[in-house]
Amino acid sequence: MTVRPGWMRRLAGSGRVELIPQGRMSGPMPWVIAIMVAMTAIALAAGLALGNAVSAARAEIEGGVTVQIIEPRPEVRAEQAALAIRAIETMPGVAGIRQVPQAELDALIEPWLGTGVTGAAAGMPGIPVPSLIDVRLEGAVTPAKLAQIAQRVEQVAPSARVDAQSNWLKPVFEAMLSLQVLAMVVVALLAVALAAAVLLAARSALGTNRNTIEIVHLLGGTDAQVARVFQRSIGYDAAGGGAVGLALALVVVLALGRRFEGLGAGLVDYGALLWSDWLWLAAVPVLATLLAMLTARLTVLHVLRKML
Amino acid sequence: MTADGEIIHFDNVGLRYGTDREVLSDLTFTLHAGRFYFLTGASGAGKTSLLRLLYLAQRPSRGGIRMFGTDVITLPRAELPVMRRRVGVVFQDFRLVDHLSAYDNVALPLRVAGHSEQDLAGPVRDILEWVGLADRMDAPPATLSGGEQQRVAIARAVIARPAMLVADEPTGNVDTDMAAKLIRLFDMLNRQGTTVVVATHDLDLLRKVPDSLIMRLDKGRLSDPTGALRYPPRKLT
Ligand SMILES: Nc1ncnc2c1ncn2[C@@H]1O[C@H](COP(=O)(O)OP(=O)(O)OP(=O)(O)O)[C@@H](O)[C@H]1O
Ligand SMILES: [Mg+2]
C-alpha cells in the first residue's frame, strides 16, 4: 500500500502529470527477474572471459615457436643455443626471440622435481634440462615457416627440436572453445527464460492492475496514457529487479576474478573482462527492462482495444 | 449539443451481452441539457446497462446513439476518450483505484485531462471538504467506510465539471442525511448547468429534487420516458 506523500505530489507537478504512483515492487516477479538477470550476466561473463582467454592466448601462441636444445653437456648446450638464436634472429618475419632464462626454467620444473635439480645451485651434476628458446613470428606459424626454422637450427644444433606452440596447446584450445560454446548456449537459454519471466511479469502485473487500467480508461484516459502508466510501472519493477540481479552478478564475477588472479596461471590471466564486456553485462538488465516495457505496452494496448 | 438542448438521443437502442436475450430493448428517448433525470426500475431491469451506454463503456447491439450532437456509434475509437471526459460517472461499485489515496482518486480525472498539480490541488481539496472527507484525504480506499468510499467516488465524478453526471445508486451506502446532502450537491451542479442522470430505486430520493424527470425501466424497456411518473407529476416541455 503506497500513498504518495505531499512532497512527492508537488515534485510531480509542473506539467509532468503522474496518473498513478510508480515504483511498487509487486509480488515475486522483480525477484525472479533479478535472479534471471544475475544468472544470465554470470554466464555471459564466463563466456566472454573464456572468449578473451582463447583469443588472447591464440594471438600470442599462433606466432610462437619453441626451440628446444636437447643436449646433456651444459657448455655445448649453451653454445648451441647461442648459435641457434643468432641463426634465427637474422631470418625474415621474426618479430622477437628470447632464451628462457635458467631461473624461469627452474621455476617451471620446481613444482614437479623440487629446487636445485638442474644442478646449478647445488654445484652437482643435476638432471639435464633442455634450453628453451622462445621465437615470436610476425604472422601465424605455418608448416613452411616452421620447416625453414628447423632447417636453419639443424645446421648449428643437430639435436634441437622445433615446435609450433599452437600444436601442443591445441587440445587446450579445443577444450576452451567447447566451454565457450557451452557458455553461449547457456546464455541463450537463460535469455529465453528471462524473456519468458519478463513476459509473465507483465501479464501478472496486468492482472493486478486491470482494475486501474479500466478505471483510467473509463475516466477518459487515452490508450497511450493508460499504456504509459502501466509500462512505466512495470519498467520500474523490471529495472529494480535487473539492478539487484546485475549487482549480484558483479559480486560473483569480481569474486571469481579474484580467485583466478590468485592462481596466477598463465592462460587465465588473459581471461580478464574488457570494458566492452562490462557494457555487455550492463546491457542485460537494460534489455530485460526494455523487453518488459514493450511487452507491457503491447499487452495493455491489446486489452484496451477489446474495450470500447 | 443541438439547438433544442438535446444532449443525448437514443434511437431504437437494443443491448444484449453475448448471445443472451436483450437486456435493453427498443429504447428511444432524448435527454435535454440542464435537466435532472432519475432512472428507476427493479433490480436487474437494466439501469446499470443503460448507464454504461451513457458513459461509453459499452456499445449497443443495435440502434443509434447521439451524444453532444455526435453520433457515437460511428465515432472513431480514438475520439471516445475526449467524449468520456465530458461525462462524470459514479459507478455502482465505486471503482476507486485501491492503491491511490482519496486525494489521488479524486484528482485522477483532472490528471487524465492534463491539468497541472497546482491547478488541481485547490479544487480537489475543496470538493473533498464538501463531501466531508477533509481529514481523510490521504487515506487509501480500503481504510474508508462504504459511505466514505461512495463520497470519494462522487467527488471524483464531479471534480472535472462534466457536462453530464451519471450516477449509479449514488446513495446506496450512506445514511439519509448524507443522501440528502449528496442529492443537494447534484442539484447544485444541475442548477449550474450539468445534466444529471441518477439511477436509484430509493423513491424518497425522487422527492428531494422537485424539478426532476423520471425514467422507468421495466425488464429492459423504458416504460415512461415522458415524465408522467414524476413527483409531482408534470409534463416534459
Ligand atoms: N456483463 C454482463 N454480462 C451478462 N449479463 C449481464 C452483464 N451485466 C448485466 N447483465 C444482465 O443484464 C441484466 C440487467 O443488469 P443491470 O446490471 O443493468 O441491472 P440493474 O437494473 O442495474 O440492477 P441493480 O438494480 O441490481 O443494479 C441483468 O439480467 C444482468 O444479469
Ligand atoms: Mg445496477
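In the order they appear, the protein sequences are chains A and B. Under numbering that gives the first Met the number 0, residues 0 to 307 are what the first sequence spells out, in order. Under numbering that gives the first Met the number 0, residues 0 to 236 are what the second sequence spells out, in order. Where a beta carbon is used, it is the ideal one built from N, C-alpha and C, also for glycine. As the structure is a prediction and not an experimental result, all values here were calculated from the model.
In the DSSP assignment, Met292 of chain A falls within the unbroken alpha helix (DSSP H) covering Trp274 to Lys305.
Taking the CA atoms as reference points, Gly241 of chain A sits about 44 Å from Leu53 of chain B. One Cα belongs to Asn166 of chain A, the other to Phe172 of chain A, and the distance between them is close to 10 Å.
Rounded to the nearest angstrom, the gap between the Cα atoms of Gly256 of chain A and Ala101 of chain B is 53 Å. Judged by pairs of C-beta atoms under 8 Å, the region 73-83 of chain B touches the region 42-60 of chain B, as three or more such pairs exist.
Cβ contact annotation for Gly50 of chain A (same chain, cutoff 7 Å, sequence separation greater than five): Gln179, in chain order. A direct Cα-Cα distance of roughly 28 Å separates Leu193 of chain A from Phe259 of chain A. Taking C-beta atoms as the reference points, Ala291 of chain A and Val161 of chain A fail to come closer than 9 Å.
Going by C-alpha positions, His8 of chain B is about 12 Å away from Leu49 of chain B.
In chain order, Leu307 make up the part of chain A whose C-beta sits under 7 Å from the C-beta of Arg58 of chain B. Among the residues of the region 209-224 of chain B, none has a Cβ less than 8 Å away from any Cβ of chain A. Not one beta carbon of chain B lies nearer than 9 Å to the beta carbon of Leu253 of chain A. At least one beta carbon of chain A lies nearer than 9 Å to the beta carbon of Ala112 of chain B.
Here the region 11-25 of chain B lies against the region 60-68 of chain B, with 3 or more beta-carbon pairs under 8 Å apart. In the DSSP assignment, Phe67 of chain B falls outside any alpha helix (DSSP H) and carries neither an H nor an E. The residue from A:Ala201, A:Glu153 and A:Ala287 with its alpha-carbon nearest to that of Val191 of chain A is A:Ala287. Annotation for Met175 of chain A: the continuous alpha helix (DSSP H) segment containing it runs Gln164 to Leu217. Cα atoms of Val165 of chain B and Leu280 of chain A: separation of roughly 54 Å, rounded to the nearest angstrom. When the Cα atoms are used, Leu132 of chain B and Ala138 of chain B turn out to be separated by approximately 10 Å. Contact note: Tyr16 of chain B does not reach chain A at a C-beta cutoff of 9 Å; the least C-beta distance is about 13 Å. Contacts with chain B at 9 Å (Cβ-Cβ) include Gln224 of chain A.
Contact of Val81 of chain B with chain A by beta-carbon distance below 9 Å involves Gly219 and Thr221. When C-beta distances to chain B are compared with 9 Å, every residue of the region 30-62 of chain A stays at or above that value. For Tyr54 of chain B, the nearest CB of chain A lies under 9 Å from its own CB, placing it at the interface with that chain. Under the Cβ distance rule, Val215 of chain A counts among the residues neighbouring chain B, one pair being separated by less than 9 Å. For Glu78 of chain B, no beta strand (DSSP E) segment is defined, and its DSSP state is neither H nor E.
Val88, Arg94, Val96, His98, Leu99 and Ser100: these are the residues of the region 87-102 of chain B whose beta carbon lies less than 7 Å from some beta carbon of chain A, given in chain order.
Nearest CB-CB separation between Arg304 of chain A and chain B: below the 9 Å threshold. Comparing alpha-carbon positions, the option among A:Ile32, A:Met28 and A:Pro27 lying closest to Gly244 of chain A turns out to be A:Ile32. Met187 of chain B sits in a helix when the DSSP states are folded into three classes. Annotation for Val165 of chain B: the continuous beta strand (DSSP E) segment containing it runs Met163 to Asp167. In this model, Ile72 of chain B and Leu307 of chain A are separated by some 11 Å (Cα to Cα).
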